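**Q** Submitted below is the structure of interest, expressed as C-alpha cells.
Residue numbers (my numbering): 856 to 1060.
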C-alpha cells in the first residue's frame, strides 16, 4: 500500500495577493485623498470600507487555516503575515479618519510624501506576495521596502522636529504630531510585512 501525500493548500497564495491588493487599494485611496483633498469624508469612508473588506479576508484566511491539514508554510507565519497586513490598513484608515476628525484644512507636503511612500511600499509587498509561490527572487522587494522605511523615518523625524522649532500653535502641533505618527506607524508596519516575507523565504530557500 502506497502512502498518499496530502498536497499543500495552494489557494493561500492567491488569498495573500487579494489581501495585499486590498491594502494597496486603500493606500492609493489615501494618497489620492491627500493630493486632491476635495472630499476627505468620502475618501475616508471608502478607505473604511476597504478596511472592512480586509477584515473579512483575514477571517476567511483564518478559517481556511483551521480546516487545512497541510499549509504552504508555517501556520504561525501565515498568522503573522495576515495580521501585519491588517495592521497596515488599520493605520491607513486611522490616519484618514484623523484628517476628518481633526478638521484638517489641507495636508502638508510631508503628509503627502508619507502617503506616497506607503503606496510604494504596498506596491512592493503586493509584487512580493504575487511571486511568493516559488520562494525565489524576492529579496529585491524587501530591500526596497526597507529603503523606503528609512526614507520615511527621516522624513517624519524632520517634520516633527520642525513642528516644535517653528513655534506653531500648540493645538496644531499636537494634531500634526499625531498624524505624522499614524503615517510613520503604517510605514513601519509595511517593513514588518517585508520582514515576515523575508523570514518565510529564508525558511524555504
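Ideal placement from N, C-alpha and C gives every residue a C-beta, glycine not left out. The model shown is predicted, which means the values in this text are computed figures rather than measured ones.
Indicate the three-state DSSP secondary structure (helix, strand or coil) for residue 996 in the structure shown.
**A** Residue 996: helix per DSSP, three-state reduction.
**Q** Decide yes or no for the touch test of the region 1002 to 1013 against the region 954 to 964: beta carbon pairs closer than 8 Å, at least 3 of them.
**A** Segments in contact, no.
**Q** Return the first residue and the last residue of the alpha helix (DSSP H) that residue 1030 is part of.
**A** Start and end: 1025 to 1058.
**Q** Find the nearest neighbour of residue 890 within the set 1060, 997, 1045 and 974, judged by alpha-carbon distance.
**A** Measuring from the Cα of residue 890, the nearest candidate turns out to be 974.
**Q** Kindly indicate which residue of 882, 888 and 886 has the alpha-carbon position closest to the one of residue 909.
**A** If we check each option's Cα against that of residue 909, 882 comes out closest.
**Q** Alpha carbon to alpha carbon, how far is residue 1024 from residue 995? Give it in angstroms, no decimals.
**A** About 43 Å.
**Q** Residue 920 and residue 871 look like a contact to me (Cβ under 8 Å); what is the Cβ gap, rounded to whole Å?
**A** Wrong, their Cβ atoms sit about 12 Å apart, outside the cutoff.
**Q** Using a Cβ-Cβ cut-off of 8 Å (strictly less than) and excluding sequence neighbours within five positions of residue 928, which residues of its own chain qualify?
**A** 1055, 1058 and 1059, listed in sequence order.
**Q** Grab me the residues of residue 946's own chain with a C-beta within less than 8 Å of its C-beta, minus the 5 sequence neighbours each way, in chain order.
**A** These residues qualify, in order along the chain: 1037, 1038, 1040, 1041 and 1044.
**Q** Is the separation between the beta-carbon of residue 1052 and that of residue 987 shorter than 8 Å?
**A** Their beta carbons are under 8 Å apart, which means residue 1052 touches residue 987 by this criterion.
**Q** Taking 7 Å as the limit between beta carbons, can you name the residues of its chain near residue 914, skipping five residues before and five after?
**A** Around residue 914: no qualifying Cβ.
**Q** Measure from the alpha carbon of residue 979 to the alpha carbon of each residue in 888, 1049, 906 and 887, then state which is nearest.
**A** Minimum Cα distance to residue 979 is reached at 1049.
**Q** Tell me the start and end of each unbroken alpha helix (DSSP H) in the region 930 to 966 that is at least 4 residues and wholly inside, in chain order.
**A** Correct list: 930 to 956.
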